[in-house]
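Colleague:
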Amino acid sequence: MPSGTIYGSFSAKSTSIARPYINWSYTQNTTNNQSTITATLVFVRYDGYRVWNNDASNFTITIDGYNDTEGHAYDIGPNGKTDTIFSSSRTVTHDDDGERKVTIKASGNTNNSALGTISLSQTITLNTIARASDFTAFTLSNTTLNTSTATTINYTLGRKSSSFSHAMTLKFGSSTIASWSTSGTGNLTRTLSSSEVNSIINKMPTTTGGTLSLTMQTKSGSTNIGSSKTINEGISLNSAIKPSASGLSVAIAGSGRDKTIGQYVQNITKITASFTRSAGYGASISSSTINVKRQSDGGNSQTLSSHSGTTANAVSLSGVYIITGTVKDSRGRTDTVTHTITVQAYSVPKISRFTAVRKSPTTTIEYGVGVTWTTLGTSNPATLTVVGKDNSNVSTTHYTLSGSTAGSVGTTRTATSQSDASSYIFTLTVTDSFGKKATATVNVGTSFVELTISKGYGIGIGKVHERGALDVAGEAYFKDNVHTRGIYGNHNGTSMLQDHGNGNVTLSAQVGDLYLGYQNTNKIRLSQDLFTQDASSTIITRTGVMYPTDIYLQDSNSVRVVDNIVTIYGNRANGGNSFRVRSHHNSSSYRNDLIISDSGMASFEGIVYAPAGFRSGSILNPNSNIMYIGANQETRVVSAGDLGTYQAIRASSFPTGSSILYKENVEQLPDGALDIVLGNRVFKYHLTSNLNNGIYDKPKVGFIAEMVDSLLRDEDGVDTYSIVSILWKAVQEQHVTIEQLINGNHDLYDIIAVLSTQKDEQDGIIRTLEERLESLTTRVGSLEEVA
């Protein structure tokens, strides 16, 4: 039991003759972190005289600020006789670190002039009560976890008492992974079993990284000593922990000819594919896709948003195709499985030559045939037929070639006994095994005769008479008027011009379009208004005013005016313009190219060209704050001469529609954005269109669409909104890393604080030794005085 003495003095007597002192001692309770101190006040006289006071005098012992006062008589001396005045005890609680200093005092008046008052005081440092053990390090032998693979926990404890034990708890987030108890000290280890590793991995379904925390609680028996201490360790998942894609099955869709012959055929075959996928290890499948494309150039790419399905379109190119099944899990990791097929080149049958003419004798018709088709080895045979039909619609098959795998046929043949008094339509048809065909027809007239008379029927001019009162082969010229009730077309015998005998005449194209001014026509003039069929409304007045109805122009273009809305349709198949709206520059009353009424709408199906560009004010919507440009998929700004060259567009801002109302399949983007940022290279380049226009001083900085992550790509471009969102996510991930570094610095600060505390302890020990040395020096001095 620690003990000691505090020496004091009487105010009226030398310490060499008499003095008061306090004997102190204390016991400690480690569990409660307390010490109980007992202080006893004693008087002593060293010389040969005696001093006393039978009347009680009040004396006070103070321990750690707590005063205990009692009245006592005393009798001391001679020759070292002592008198114990009284004792006092006090229990004090140590600081959290187990340290404690206590000041012990005594005071009072002896009520004896020979002695006077007493005064003594000293601060003692109590022995440190062992508190929480030090916990200074926690690491894993391998912080990259892999499934069913154990690793080792390394940790360092500094036990403060041999009676202490330590409760250790390993957690991932709020989940306890392992708990154990140890009485060890120093560098310790524990095996993190494969099942415990798997448990951690399963608790990371949406991330590839996280933090393990190891907490140490010092215990004395079942009582906690001090506060617990926690150290974190960052972990990540091995790259092998990813979803699985396997068993990719690829086949020809349907039950057509390509399926029968077992060949993938260009422009015929649709691909059906499926694969097996799984996530596992606590993750779930977030998406599955199957991509079909030509391997050499990535052309004709089609993607199915599932792990099974059939392409929407037939493969349009030939060569080796690669089919890739991709599965992505909730951690953002992927796995792929691939399969290749060969698509056979194929084109539909073609007719390169088909002629039919009469030969001598005139009842013989000679016909020439030239056809080609794709044979696919011998898997695509074709059938050829040549059929002649006379003017009585009687058909005769002159030539048949069935099941040919030659790939081409070129032949000239004759059909005999063909009446020279009948015209014929010869038809060549070639059909392959896919049902694809090509057809050509040739008209063969009767034999040429200047004049024939078919008694009782009619006259033939330039041909043998076949039908009607007058049957003419070739052009006919009349010097004077021709009186007729109608004119019928040669195409299908329907009426083109018909006089109805009541003053009304119809001009018709009963199974096609009626063209006015089709060739070499300067103007079409109206001397009267143009009405609808029932004459209830006017289409165009003779002065040029248009009213709602349909008006069709040449070359399959049309202007349609319905309910005050003008729609202009066009056909640019031959490279021409669908329509043009021109200014009347010579008239101030026609200053605008195209005017749309306040309540109107302009719809353009096709391309609108403005050769001089759209000037400011050319497109206006003065009655609304919003102008809409609509398309089924995209609105693109391209070069006037090249639809494949994009041009710039300028505006004050480009907000992107991002409401939840516009989105489906919304899910939080898993970690990995920083990897995308670091994994996509940025290039400096010039636009080809700029170089073609002699612009060399406008270099650009950006991405190459074919080389960026699929999350950033949009066909042949990149999506700026997606790029900004990825950067935002990457900053968030960096913030987490910064926070981890800051927390690591806090651990360093804790270590520094522990070292500083240890230094303070050493300083306290030094001070105690100095005080004891001073006390011994005083006692030696007293002994010298006595001597």
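Position 80 of the sequence shown, counted from 1, bears residue number 152 in the numbering used here, the numbering being contiguous throughout. Here a beta-carbon is modelled for each residue, glycine too, at the ideal position from N, C-alpha and C.
Go through its chain and collect everything with a Cβ distance to S854's Cβ below 7 Å, but skip five positions before and after it.
Modeller: T87, S88
Colleague: Return the bridge partner residues of Y227 from the DSSP annotation.
Modeller: F210, L260
Colleague: Have a look at S782 and D401 and give me their C-alpha separation to the nearest angstrom.
Modeller: 16 Å
Colleague: Could you tell me if Q416 is buried or exposed, where buried requires 16 or more neighbouring beta carbons within 10 angstroms of its beta carbon?
Modeller: buried
Colleague: Measure from the alpha carbon of Q367 to the alpha carbon of each residue in G170, N574, F131, T396, then state which is nearest.
Modeller: Considering only alpha carbons, the answer is T396.
Colleague: Verify the contact flag: H572, CB atom, against every heavy atom of the ligand NAP, threshold strictly below 6 Å.
Modeller: Among the components modelled here there is no ligand, and therefore nothing to report on the ligand NAP.
Colleague: Between which residues of its own chain and Q338 is the CB-CB distance below 6 Å, once the five residues before and five after are set aside?
Modeller: For Q338, where only same-chain residues beyond five positions count, the Cβ hits under 6 Å are S390, V415, A417, Y418.
Colleague: Locate the beta strand (DSSP E) running through L192, then write down its first and last residues.
Modeller: 189-198
Colleague: Per DSSP, which residues does D147 bridge with? Please list them.
Modeller: W124
Colleague: According to DSSP, is Q806 part of a helix, a strand, or is it coil?
Modeller: helix
Colleague: Going by Cα to Cα distance, which pick from N184, L217, H555, S179 is closest to N139?
Modeller: S179
Colleague: Where do the N-terminal and C-terminal ends of the beta strand (DSSP E) with K365 fall, by residue?
Modeller: 357-366
Colleague: Once the 5 residues before and after I559 are set aside, which same chain residues still bring their CB inside 6 Å of it?
Modeller: M568, L569
Colleague: Tell me the DSSP secondary structure of W445 in three-state form.
Modeller: coil
Colleague: Taking the alpha carbon of I497 as the reference point, which residue from T469, T556, A745 has its own alpha carbon closest?
Modeller: T469
Colleague: Using DSSP with H/G/I as helix, E/B as strand and the rest coil, what is L331?
Modeller: At residue 331 the sequence reads Lys, which differs from the Leu that was named. Per DSSP, reduced to three states, the secondary structure at K331 is helical.
Colleague: Please confirm whether S316 and T302 have their CB atoms less than 7 Å apart.
Modeller: Cβ distance not < 7 Å, so S316 and T302 don't count as in contact.
Colleague: Give me the DSSP bridge partner(s) of T552.
Modeller: The amino acid occupying residue 552 in the given sequence is Asp; Thr does not appear at that position. In the DSSP output, where bridge partners are listed per residue, D552 has none listed.
Colleague: Go ahead and pull the three-state DSSP assignment for Y353.
Modeller: In the structure shown, Y353 sits in coil (DSSP, three-state: anything other than H, G, I, E or B).
Colleague: Just confirm the distance between the C-beta atoms of S292 and F244, as a whole number of angstroms; I'd bet it's less than 8 Å.
Modeller: With a contact defined as Cβ atoms closer than 8 Å, S292 and F244 miss out at about 29 Å.
Colleague: What does the Cβ neighbour count give for D543, buried or exposed, with the cut at 16 atoms within 10 Å?
Modeller: buried
Colleague: Please name the residue in I273, V738, L198, T163 whose C-alpha comes closest to that of G76.
Modeller: L198
Colleague: Helix, strand or coil for Y624 per DSSP?
Modeller: For Y624, the predicted model reports a pLDDT of 45, less than 50, meaning its position is unreliable and no value from the coordinates is stated.
Colleague: For N506, tell me which candidate among V481, T332, V443 has the shortest Cα-Cα distance.
Modeller: The sequence shown places Phe at residue 506, rather than the Asn named in the question. Out of V481, T332, V443, T332 has the C-alpha closest to the C-alpha of F506.
Colleague: Is the distance from the Cβ of Q100 to the Cβ of T165 below 7 Å?
Modeller: no
Colleague: Taking the alpha carbon of R722 as the point to measure from, which residue in Y734, A84, G230, V709 has its own alpha carbon closest?
Modeller: V709
Colleague: Count the other C-beta atoms from every protein chain shown that fall within 10 angstroms of the C-beta of L848, then say buried if there are 16 or more, exposed otherwise.
Modeller: Exposed is the label assigned to L848, since fewer than 16 other Cβ atoms lie within 10 Å of its Cβ.
Colleague: Please work out which residues of its chain come closer than 7 Å, Cβ to Cβ, to N214, disregarding the five sequence neighbours upstream and downstream, and give them in chain order.
Modeller: T223
Colleague: What residue ranges within the segment 743-823 form continuous beta strand (DSSP E) runs of no fewer than 3 residues, ordered along the chain?
Modeller: 755-757, 772-774
Colleague: Quick one, are the C-beta atoms of L217 and V269 less than 7 Å apart?
Modeller: yes
Colleague: Check this for me: beta carbons of N259 and T228, under 7 Å apart or not?
Modeller: Yes, the pair counts as a contact, with Cβ atoms nearer than the cut-off.
Colleague: Quick check: what's the CA-CA separation for E142 versus W96?
Modeller: Rounded to the nearest whole angstrom, the C-alpha separation of E142 and W96 is 18 Å.
Colleague: Check whether the segment 751-762 and the segment 772-782 are in contact - that is, three or more C-beta pairs closer than 8 Å.
Modeller: Counting C-beta pairs with one atom in each stretch, the segment 751-762 and the segment 772-782 have three or more that are closer than 8 Å, which means they touch.
Colleague: So, with DSSP's three-state summary, where would you put T280?
Modeller: coil
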